[in-house]
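Contents: one structure, followed by commentary.
Chains as they are written, first to last, in the numbering used here: chain X, 9 to 363; chain C, 79 to 382; chain Y, 4 to 101.
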């Protein structure tokens with residue numbers, strides 16, 4: 009069963025029960041999976057269809073290693089959210105967990121086998137100073153100490169500079185909206201909070217409503233500058249859409265995208281999950297989001313860029329180039345062009361400074 | 079087929095083409111490099127290692143190559159790549175072979191979470207493992223080489239791979255790395271040692287590698303059960319002596335020396351506790367009298 | 004705060020421990036940390052683990068004194084109090100609210 013290497017991982021995730029026996033395929037699969045941070049997910053899906061025991065011993069060791077890592081990270085995320093709760097206790101600040109931490113604490117499918125990097129939370133913009141100082145009291149220190157970077161994050165982005173706990177070294181990103189204010193998208197963060205769902209098992213924490221969770225995942229992937237987790241984020245999206253996607257969900261999703269001015273990311277999300285991962289998006293929904301598509305020439309270029317960028321870098325040489333192009337696009341989406349030029353120049357110049 | 083069965087031309091062809099695919103204990107690596115020093119190092123130190131057959135799975139794909147760029151000509155460098163990605167700064171080209179060795183250590187310590195990976199030398203006698211967890215400067219490598227010279231089987235000079243039951247340690251036989259004065263010390267103590275090129279001016283000083291004995295390589299699939307955990311300490315001129323070490327302290331030293339203890343959580347705790355339970359734990363001081371040191375360990379092995 | 008507070012392990016199921024020669028090593032799943040407790044700390048922790056629903060501080064001190072064959076004097080009590088504070092900080096022990 010020979011497959012084009014770059015599609016190998018996507019196919020394996022979709023149909024883990026159809027195991028590939030040849031040496032070449034397993035080596036490439038493990039390599040791509042490792043690079044895309046999806047080994048844990050692959051291991052979980054194989055486990056779920058009772059296929060893990062049938063994997064040859066040598067590649068299976070890597071899958072088991074990834075499972076061990078995943079388990080450890082899940083425990084760490086739980087501990088970390090407990091610490092964040094302690095730090096913010098009693099202040100009445102609504103805290104919405106985003107992405108991995110949200111999937112884990114809400115018990116959602118994307119959490120299974122997921123490898124986490126940092127924790128993302130969303131708080132109201134007006135409460136940011138208070139949240140930042142409470143976190144600092146609890147041992148979280150701000151990173152990116154160069155004043156330029158600090159300004160970049162605070163004024164132009166939608167988050168504080170990443171914070172890192174001084175002892176535990178865990179990373180925390182504090183957001184006040186899900187799209188940067190400079191991006192020309194008029195998103196009302198208040199709407200996100202109004203729709204947020206409290207977590208019974210984690211008092212003080214909320215997660216986004218299912219519609220907003222999907223839209224956030226789509227926005228994060230398609231607006232973001234770094235595509236290193238592109239395929240993983242797409243896998244998350246597929247898992248969310250599959251989990252939530254019943255008859256009432258789809259039209260509500262399209263409507264909500266309109267409300268929040270996130271139609272374009274939704275268009276890409278549905279297009280790429282259905283094409284690359286076979287997500288069961290109803291045909292009429294795909295037709296419905298066509299109105300959010302970019303002009304045809306842009307669409308062709310974006311299609312190629314995204315498809316290349318969403319593969320692990322080792323799968324095809326085009327990927328690194330595509331990522332670089334998308335990095336620029338990610339930045340471009342976030343900032344008006346003159347600001348972007350200045351930002352990139354400043355960043356490049358700083359690399360030349362003596363250490 | 080072993081590496082020694084390949085002609086120099088064939089070795090070169092593989093290293094500069096499809097990759098040299100070899101087995102090292104439980105791990106298989108695919109290695110590429112255009113450096114002569116890397117080819118020479120592999121030919122010497124990995125002579126007895128098995129070459130993979132078609133259909134075998136390689137765990138890691140690594141390469142040591144010259145980075146592109148102007149520096150190629152006036153200050154040549156060597157760059158380590160893992161799965162095609164370079165995440166580490168290049169080193170001077172002369173350090174190409176030590177860079178490969180270091181890179182292979184990195185691959186295992188960062189990825190082999192099916193084991194508890196401990197920074198320690200591991201040797202075996204009578205089926206039982208001697209674990210020497212020790213920070214740099216403790217003389218662990220010199221001691222390791224000396225024990226191997228006198229017949230102890232080498233499992234590893236750097237990385238102990240402990241199964242999660244805590245009851246078996248798996249070999250990962252590779253060249254023993256020595257630094258600075260230790261190179262001469264070992265050369266004198268072990269005249270038959272196959273010591274490779276001495277590479278000067280690395281971050282650790284001068285570095286050289288000793289070929290692992292053929293027997294250690296051939297028995298690379300034979301695990302050992304716990305025997306002793308010994309914390310060595312080198313003190314110039316000191317008398318060779320064994321002293322008591324509480325098991326709790328030995329345990330904590332293993333915890334601190336493990337690369338991936340945090341990943342295993344409670345299971346890691348239980349595994350290392352099993353290992354310590356089943357081992358005799360000691361502190362060991364020696365002043366350079368290697369014969370005495372080896373003699374002491376030999377007596378342990380006999381008493382077991 | 005009661006003058007003879009009740010102490011118990013913070014999360015008894017989250018703890019794994021092993022003892023060699025009266026020295027305890029402890030893994031705490033609450034924090035993910037591993038600790039090597041000194042002789043007194045080990046004695047206190049071992050006693051707490053035997054009383055998951057709680058033991059009064061004075062009874063704790065008396066028990067340790069009896070095991071060690073010493074008098075339960077002020078010095079011992081103070082030392083135990085410090086050990087309990089340390090264990091509390093490590094989330095290994097907690098005082099039961101009155």
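Glycine included, each C-beta is placed from N, C-alpha and C at the ideal position.
Whose C-beta lies closer than 8 Å to the C-beta of residue 206/C among residues of the same chain, with five residues either side of it excluded?
Only 302, 303, 304, 305, 306, 379, 382 meet the Cβ criterion.
Once the 5 residues before and after residue 329/C are set aside, which same chain residues still bring their CB inside 8 Å of it?
350, 351, 354
From the DSSP output, read off the bridge partner residues of residue 258/C.
Beta-bridge analysis with DSSP links residue 258/C to no other residue.
Along the chain, where does the beta strand (DSSP E) containing residue 211/C start, and where does it finish?
206-211
Starting from the N-terminal side, write out each stretch of the alpha helix (DSSP H) that is 4 residues or longer and does not extend beyond the stretch 209-233 of chain C.
Taken in chain order, the complete alpha helix (DSSP H) segments of 4 residues or longer contained in the stretch 209-233 of chain C are 218-227.
Any chance you could list the beta strand (DSSP E) runs of at least 3 consecutive residues sitting entirely within the stretch 274-308 of chain C, in chain order?
277-280, 283-288
Check whether the stretch 22-42 of chain Y and the stretch 360-380 of chain C are in contact - that is, three or more C-beta pairs closer than 8 Å.
no
On the criterion of 16 or more Cβ atoms from any shown chain inside 10 Å, does residue 219/C qualify as buried, or is it exposed?
buried
Determine which residues of the stretch 14-33 of chain Y have a Cβ less than 7 Å from any Cβ of chain C, and write them out in chain order.
19, 21, 23, 24, 26, 28, 30, 32
Thinking just about the alpha-carbon of each residue, which of 276/X, 287/X, 184/X is nearest to the one in residue 309/X?
276/X
In terms of residues, what are the limits of the beta strand (DSSP E) holding residue 31/Y?
26-31
Flag residue 91/X as yes if its beta-carbon sits less than 7 Å from any beta-carbon of chain C, otherwise no.
no
With H, G and I counted as helix, E and B as strand and the rest as coil, what does DSSP make of residue 171/X?
Three-state DSSP puts residue 171/X in a strand.
Just how far apart, CA to CA, sit residue 54/C and residue 177/C?
Past the boundaries of the shown model lies residue 54/C; chain C is included only from 79 to 382, so the question cannot be answered.
Can residue 110/C and residue 141/C be called in contact, C-beta distance under 7 Å?
yes
Between 173/C, 334/C, 181/C, which lies nearest to residue 165/C when the distance is taken from Cα to Cα?
Closest by alpha carbon: 181/C.
If we ignore side chains and look at the alpha-carbon of each, how far apart do residue 107/X and residue 133/X end up?
19 Å
Look at the Cβ atom of residue 247/C, then the Cβ atom of residue 200/C, and state whether they are nearer than 7 Å.
Yes, they are a contact pair.
Does the distance from the CB of residue 286/C to the CB of residue 256/C come in under 7 Å?
yes
For chain X, is any of its Cβ atoms less than 7 Å away from the one on residue 65/C?
Since the first and last residues shown for chain C are 79 and 382, residue 65/C lies out of range.
What residues from chain Y crowd round residue 347/C, counting only those whose CB sits closer than 7 Å?
What residue 347/C touches in chain Y: 19, 30, 37.
What in chain X is Cβ-close to residue 190/C, meaning under 7 Å?
73
Considering only DSSP beta bridges, list what residue 97/Y is partnered with.
Answer by DSSP bridge pairing, in chain order: 11/Y.
Going by C-alpha distance, which of 317/C, 339/C, 325/C is nearest residue 367/C?
317/C
Count the other CB atoms within 10 Å of the CB of residue 145/X; is the residue buried (16 or more) or exposed (fewer)?
Per the 10 Å Cβ criterion, exposed.
What residue range is occupied by the uninterrupted beta strand (DSSP E) comprising residue 124/X?
From DSSP, residue 124/X is part of no beta strand (DSSP E); its letter is neither H nor E.
Tell me whether the stretch 279-295 of chain C and the stretch 121-130 of chain C touch, counting them as touching only if at least three CB pairs, one residue from each stretch, are closer than 8 Å.
yes
Do residue 98/Y and residue 10/Y have their C-beta atoms within less than 7 Å of each other?
yes
Taking only beta-carbon positions, decide if residue 80/X is within less than 7 Å of chain C.
A Cβ of chain C is located within less than 7 Å of the beta carbon of residue 80/X.
So, does the stretch 55-71 of chain X touch the stretch 80-100 of chain X, judging by three or more C-beta pairs under 8 Å?
no
Please state if the CB of residue 137/C and the CB of residue 116/C are separated by a distance shorter than 7 Å.
no
I'd like the list of long-range same chain contacts for residue 364/C, defined as Cβ closer than 6 Å, with 5 residues on each side in sequence excluded.
318, 371
Whole angstroms is fine: what's the gap from residue 202/C's alpha carbon to residue 230/C's?
6 Å
By how many angstroms is the C-alpha of residue 338/C removed from the C-alpha of residue 204/X?
Residue 204/X and residue 338/C have their C-alpha atoms spaced approximately 37 Å apart.
Taking the DSSP output, what are the residues bridged to residue 206/X?
214/X
Leaving out the 5 sequence neighbours to the left and right, which residues in its chain are closer than 6 Å to residue 359/C when beta-carbon positions are compared?
307, 323, 325, 328
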